[in-house]
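Undergrad: Top line first, the protein sequences correspond to chains Z and X. Following our numbering, the numbering of the first sequence begins with 13 at its first residue and continues without gaps. Following our numbering, the numbering of the second sequence begins with 13 at its first residue and continues without gaps.
Protein chains: 2
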Amino acid sequence: MTSEASDERMTTVGLLFESAAGLRRLFHRQAEMSGASANQSFDILIRLARSDGNQLRMSELAVQASLTPSGLTRAVDRLAQQGLVSRRICPDDRRGSFAQLTSSGRALMDQTIPEHLSHIDQVLDDVFTPDEEAQFSSYLRRLRDYALERNLAAGLPCDESVDPCISDI
Amino acid sequence: MTSEASDERMTTVGLLFESAAGLRRLFHRQAEMSGASANQSFDILIRLARSDGNQLRMSELAVQASLTPSGLTRAVDRLAQQGLVSRRICPDDRRGSFAQLTSSGRALMDQTIPEHLSHIDQVLDDVFTPDEEAQFSSYLRRLRDYALERNLAAGLPCDESVDPCISDI
DNA sequence: CATAGATATTTGCACTCGCAAGTACTCTCT
DNA sequence: AGAGAGTACTTGCGAGTGCAAATATCTATG
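1. Considering just the uninterrupted stretch of the alpha helix (DSSP H) at X/Ala87, what are its terminal residues?
2. Does X/Arg86 get closer than 8 Å to chain Z when you measure Cβ to Cβ?
3. From the DSSP output, read off the bridge partner residues of Z/Val97.
4. Among the candidates X/Glu30, X/Glu161, X/Ser130, whose CA atom is the shortest distance from the CA of Z/Ala17?
5. Do you know offhand how far X/Asp143's Cα is from Z/Arg107's?
6. Taking only the alpha-carbon atoms, compute the straight-line gap between Z/Met22 and Z/Asp122 and give it to the nearest angstrom.
7. Using alpha carbons as the reference points, say which of Z/Ala146, Z/Leu120, Z/Leu152, Z/Leu136 lies closest to Z/Leu57.
8. If the cut is a Cβ gap below 7 Å, which residues of chain X does Z/Asn163 touch?
9. So who's on the other strand from X/Leu68, going by DSSP bridges?
10. Given Z/Arg59, which residues of its chain have a CB within under 7 Å of its CB, disregarding the five upstream and five downstream residues?
11. In whole angstroms, give me the CA-to-CA distance for X/His40 and Z/Phe29.
12. Report the option in Z/Asp104, Z/Asp105, Z/Phe110 whose CA atom is closest to the CA atom of Z/Val88.
13. If you reduce the DSSP assignment to three classes, tell me which class X/Ala159 lands in.
14. When Cβ atoms are compared, which residues of the stretch 115-138 of chain X fall closer than 9 Å to chain Z?
15. If we define contact as Cβ-Cβ less than 8 Å, is Z/Thr24 a contact residue for chain X?
16. Are the CB atoms of Z/Val139 and X/Leu155 within a distance shorter than 8 Å?
17. Take Z/Cys102 and list the residues in its own chain whose beta-carbon comes closer than 8 Å to its own, dropping the five residues that flank it on each side.
18. Would you say Z/Gln113 and Z/Asn66 are within 8 Å of each other, going by their C-beta atoms?
19. Within its chain, find whatever has a CB closer than 7 Å to the CB of X/Ala92; leave out the 5 residues flanking it on each side and keep chain order.
In structure tokens form, the structure reads like this:
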């Protein structure tokens, strides 16, 4: 019914989804065990912590966190309610706003990121050699860029100005 | 604050999540455009379609679809309500049940899977050479198995009988 | 065989997310 | 300047998911 080759390719895509889901669960549990709140929105906090001035435009953050604008609004609402993030209106464009880590959010990340990094180190050390890891990462980047481009192309009927320089994590 | 190496590794993990999310969105849109219902539960239907007798134990299906047992119950409920899947009590163990494709579900998949496969073909052809694809797939498999094992180990305090032969996709 | 402890699955409840519509602001063209 | 189109973000609402507790069934042990 389905050719051998297509079977393998379907499996490859399945493996991608399973890997991502598996690692997400793993990190989620680990973050839970080590103190701090283990929201899905951890991702958002990390990206803010790694940005200039600990702030990012909402739309930029939405793309990076793989959320829709609406999903991001709610997520930032929750983080703001916890006092970890605050909104700052963008002076250049009053439609837009920045999400910015509060000092309390910054403190939380200072405490949490090292733990998270050590969890990541452990996984990658266990699974890959350094060379393999670099190779794997470059494959992922290609795939990510491709998916991003195709999704943008679908959203905006014919906008050619795809920014190729979406910042990483 | 964070070392260069750790930075890259964090990026790698971020890329994994973004790739998975990006492809999921892409396939979701494509499935939507070509007729059939584009539920997230498409994944479940595919796995059933590729199993012996078009049926799978609920618990097995939950692992394969990266859902919790409770999440799977609801998902199968919905599919059953649409007439695509039915429940069959397991004769050997009356606690358990099988989810099985109905003839209508089978028909839907016969019609839908080829389209899905062609979408996958297009992505992989565009992004990878055959060799790279094989390499990438083997990396993903290692990562998936690792995450699965570690998550199981966490769930069952000290059960060593981890089945290494979880079927693919 | 009776009972305690595991296992497979299902519900109650709360939370998160996406889509479509709404609001506020900016840009363009005349 | 002013109308119209486009952009950035926010809400109403419905749908999917996980966690914890409940239910039904199996299994091991005395």
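Glycine included, every Cβ here is placed at the ideal spot set by N, Cα and C. Values in this document were obtained by computation on a predicted structure and should not be read as measured data.
TA: Looking at the coordinates:
1. 81-93
2. no
3. Z/Leu113
4. X/Ser130
5. 48 Å
6. 40 Å
7. Z/Leu120
8. Gly34, Arg37, Leu38
9. X/Ala111
10. Leu68, Leu73, Gln76, Ala77, Ile181
11. 13 Å
12. Z/Phe110
13. helix
14. Asp122, Ile125, Pro126, His128, Leu129, Ser130, Ile132, Asp133, Val135, Leu136, Asp138
15. yes
16. yes
17. Arg69, Gly108, Ser109, Phe110
18. Checking the sequence, you will find Leu at residue 113 of chain Z rather than Gln. In contact: Z/Leu113 and Z/Asn66 (Cβ atoms closer than 8 Å).
19. Ser98, Arg99
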